[in-house]
Amino acid sequence: MCFTDGVQVGAFLDRNGLRPSRYVLDKDNVLVAASETGVYDVKPADVVEKGVLGPAEMLLIDTSEGRIYHNQELKQRYAHQHPYQEWLQEEQLTIDDLPEADVVEHLSEHALQTLWRRHGYTEDIIQDAIIPMATAGGEPVFSMGFDSPLAVLSEQPQSLFTYFKQQFAQVTNPPIDAIREDLVISTEMYLGSDGDITQDVPANAKKIKLASPLLSSTDFEKIRHLTGKRGFKAAMVSLCYGNQPRPHRLEQALDDLFKDAEEQIDRGANIVILSDRGATSDDLIVPVLLAVAGLNNYLVRKGKRELASIIVDTGEACETHHYATLLGYGASAIHPYGVYATLNYNHLAERVDTYRQAALNGIIKIMSRMGISTIIGYQGAQLFEAVGIAKEVVDRYFTGTESRIGGLNLDQIEAEYLARYDRAFGSRAKDALLSGGSYKYRADGEHHLYNPMTMYKFQQAVRLGDYGLYQEYAKLMHQEEQATPTTLRAMWNVRPNREPVPLSEVEPVSQLVKRFKSGAMSFGSLSKEAHECIAQAMNELGAKSNSGEGGENSQRFKPQKDGRNVNSKIKQVASARFGVNAAYLMSAEEIQIKVAQGAKPGEGGQLPGNKNFPWVAEIRGSVPGVRLISPPPHHDIYSIEDLKQLIYDLKQVNPFAKINVKLVSSTGVGTIATGVVKCGADKVVISGYDGGTGAAPRTSIRDAGLPWEMGLAEAHQTLTLNNLRQRTVIETDGKLMTGRDIAVAIMLGAEEFSFASLVLVSIGCIMMRVCSKNTCPTGIATQNPALRKFFIGKPEYVKNCMRFLAEDLRQEMAKFGFRTVDELVGHTELIHPRYVAKGKAKSLDFSRLLGTSVGIQRKPVDRFSPKHKWPDLNSFAEAAVAAKQDFVMKEAINNEHRAAGARLGGW
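Be aware that the sequence shown starts at 126, since it is given in the numbering used here, and climbs by one per residue.
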């Protein structure tokens, strides 16, 4: 960051220090600071001083004095202006400095059972999240992605938290590697008023310092009993409101809550505690996230936000995503008493601290995916997008948050929580706790795209090669999506605006399958048999398989002795660069740079240690048995310019391969895609949040990223507006299940398509979702030789899968009146929101997604392609290889020739 007041000018590098800042001073007293050298030409003899700013370092020029202040001198100058250390010692308190207070008694079993039902706890939340975090000390790892409905489409009452999706960094700035860069991570939080930041006075140091925003019950009681004696006064504000029928109850309750909190602040409280404790059957409870976000923005509008900190005492928040959302919308600390009571009930009271640390690590992972290294920096940043919340609600209570498809108003949000109230106090109060079933199929749980019936129909079709059975599967999928919508595209009807065309005139299956790819699934995540089976099938079809990020045995680069071609045409380059070398890159027809993955954007891939067998470790250049977690960022991509350099390098190694950059659907992905195309990428992938994975944290699978429909529409429209759409190919993936799904993707702008989960189902996957445990009973996602014997997949099954999808797409195109995919691209005018008479989905507004119909027209010349092809070097290398002799070539290399070694390496 550069700054100036007109007299002084300076540069400052953030605490992470990932992006470079270099400076040079010449003998004419000209100082230039920039991200790279060479911005201003200085002869070596004229250089007086040059250097690099490190993390959190500064450089200042005072033009009135005519001198330069370097980091240490500058900080010393200001650090000694006042006795800051003494002020901190005198004014700042830690939690240990506060007087002891009695802890509130544990909830009775009946009260806890009521709390569970009232706040939407399920067996899955308790058994798969809370208890494992307390016993294992980490967030549970899940597999196979998310195929349950979005919150706004779910027939089951949803917590308000699930309507918000975490944002993440990709390309334009890097996520933080919280594991390897933990030195820059800070979890400290401070309670109390902010004071006057325009003055240096001792009162500004009056804060309570917390080591973590997740409070233990003991620490919470200490804070709750503060009465103002040491400059800190806490005030409780109840989230409960009466259950008497009246219009707009929730809106009235929020207004009353905000006024109550404001009055408490006016009376001197500098810590406001929002609590849902003590609610009876006569009370309803304001959703805690709505209360926190609403109060935060209310106080901002009133000019009083800096006067008090907000603490949450809640039974509702019980997942890592909940805590991150509360912090992101303004809370300073959280006391999840419902979780602690649940642990106590399960005889795990002594594991509360373990749970707190696991949850804290989860929060760190969430904020680090945005490139933020301090919880203070994350607090109040509102780095989420609402999916299914009405604009008027967002504008008033979540001000500044993106909400592109509208959704629930306050009355509808209240109805969600009333359904939970009925579970706690109505006729079903004594029923067993709901199973949940959001992540795993449960007969009484959420609907899943992959359920026993759809999987059975599909597997029978591809195994028997029976297109009629496939049509039954596709019909069943359509019926289920009509009855229980799971995806945004399920809320749309496609209405042709032209006459149908004969099926014989539509692009043939043999051409359509060339647009199909298998998703990026690594060797290691998959068994050798499964990985090669998929590659062989896609090669025989003329389609492409993707190696994933685990590298590939070089023996597969050439046809096998039995004639099989098991080389993956797409080679992935991910952040850990497993198996990446010149031979690997030269074996590719397409090279994919994985910037992000749909199931866990802002994180790196994971291979559990129990799957890292010697043959896997050999390919990856690792040690057997070691858990491999790829860095969240590519450590050579901290900016868009760095991505351009990597693309250039890869094209120098293999000038024949197309470069594909994989992004994940997110707010602003269109702008990012524009930059990627300018970097020279031939293709851009927009992945949906619901993509599959072999291993990802539970929270990441559901709560990060957006549906591909949103990102794909934005990318296509933005590239078109910038006159760049014709220069690239857009690919998409994420639970593409039928030809209709593919057709909708084409209308939104896609031209190529990847399938991962569906391919695995075709070769025998039964969705046990144990990929990360090395116990896959079908031999697909395991390295255990005893289990790999059960693999029954055949290349024919994958080929049938692809052919059936292509034939289904052909029939859809014929019905719509289009003969080719290129002709159909961008025709969003065919998509019409489906009328819904009742339910949450009736309030959705898709006008921003389904904008102007925009097609594409290819241009043969790409002005962003590298200009320096090195024809002389190619001729030299070709002659040397042909002659099998050492040759010496003398040629000038200047700063335009950025990858001479890479070009030779490709040879």
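Backbone N, C-alpha and C fix where the C-beta goes; we use that ideal spot for every residue, glycine too.
Proximity of the region 854 to 861 to the region 808 to 815 meets the contact definition, three or more beta-carbon pairs being nearer than 8 Å.
Under DSSP, residue 617 shares a beta bridge with 958. In the displayed model, residue 470 falls within a helix according to three-state DSSP.
For the pair residue 644 and residue 619, the Cα-to-Cα distance works out to about 27 Å.
Per DSSP, the continuous beta strand (DSSP E) segment holding residue 785 begins and ends at 783 to 789. In terms of Cβ geometry, residue 505 and residue 546 do not form a close pair [threshold 8 Å]. For the pair residue 438 and residue 494, the CB atoms are not nearer than the 8 Å cut-off. As the crow flies, the alpha-carbon of residue 606 is around 21 Å from that of residue 954. Taking the C-beta atoms as reference points, residue 518 is found no nearer than 8 Å to residue 530. The C-beta distance from residue 242 to residue 548 rounds to 4 Å, short enough to meet the 8 Å contact threshold. A check of alpha carbon separations from residue 259 across 772, 214, 467 identifies 467 as the nearest. Between the alpha carbons of residue 139 and residue 199 lies a gap of roughly 16 Å.
Annotation: residue 346 to residue 770 spans about 55 Å, alpha carbon to alpha carbon. In the DSSP secondary-structure assignment, residue 718 is bridged to 698, 786. Taken in chain order, the complete beta strand (DSSP E) segments of 3 residues or longer contained in the region 562 to 637 are 617 to 619. Beta bridge pairing from DSSP links residue 671 with 695.
When DSSP states are grouped into helix, strand and coil, residue 460 belongs to the strand group. Annotated as proximal: residue 485 and residue 337, with beta-carbon spacing under 8 Å. In this structure, residue 834 sits away from residue 946, with a CB-CB distance that is not shorter than 8 Å. Counting only residues of its own chain and dropping the five nearest sequence neighbours on each side, residue 594 has a CB closer than 6 Å to the CB of 585, 586.
Between the beta-carbon of residue 971 and that of residue 640 there is about 26 Å, and that puts the pair past the 8 Å contact cut. According to DSSP, residue pairing for residue 358 in a beta bridge involves 352. Non-local beta-carbon contacts of residue 881 in its own chain, meaning distances under 8 Å to residues more than five positions away in sequence, involve 643, 644, 645, 646, 816, 817, 858 in chain order.
Counting only unbroken stretches of 4 or more residues, the alpha helix (DSSP H) elements lying wholly within the region 918 to 959 are 920 to 941, 946 to 949, in sequence order. The distance from the Cβ of residue 720 to that of residue 172 is about 37 Å, inconsistent with a contact at the 8 Å cut-off.
Between residue 789 and residue 722, the beta carbon gap of about 7 Å places them in contact (Cβ cut-off 8 Å). Counting along the chain, residue 398 sits inside the beta strand (DSSP E) bounded by residues 396 to 400. Between the beta-carbon of residue 916 and that of residue 655 there is about 6 Å, and that keeps the pair under the 8 Å contact cut. Residue state for residue 513 is assigned as strand, using DSSP reduced to three classes. No residue range can be given for residue 814, since it is assigned to no alpha helix (DSSP H) and is classified by DSSP as neither H nor E. In the three-state DSSP reduction, residue 857 falls in the strand class (E or B).
Contact check for residue 651 against residue 905 passes: the beta carbons are separated by less than 8 Å.
Partner residues in a beta bridge of residue 285, as assigned by DSSP, do not exist.
Following the DSSP letters along the chain, one finds residue 711 in no beta strand (DSSP E) but inside the alpha helix (DSSP H) bounded by residues 707 to 711. Residue environment for residue 305: exposed (fewer than 16 other C-beta atoms within 10 angstroms of its C-beta). Contact annotation: the region 359 to 371 does not touch the region 239 to 253, with fewer than three C-beta pairs closer than 8 Å.
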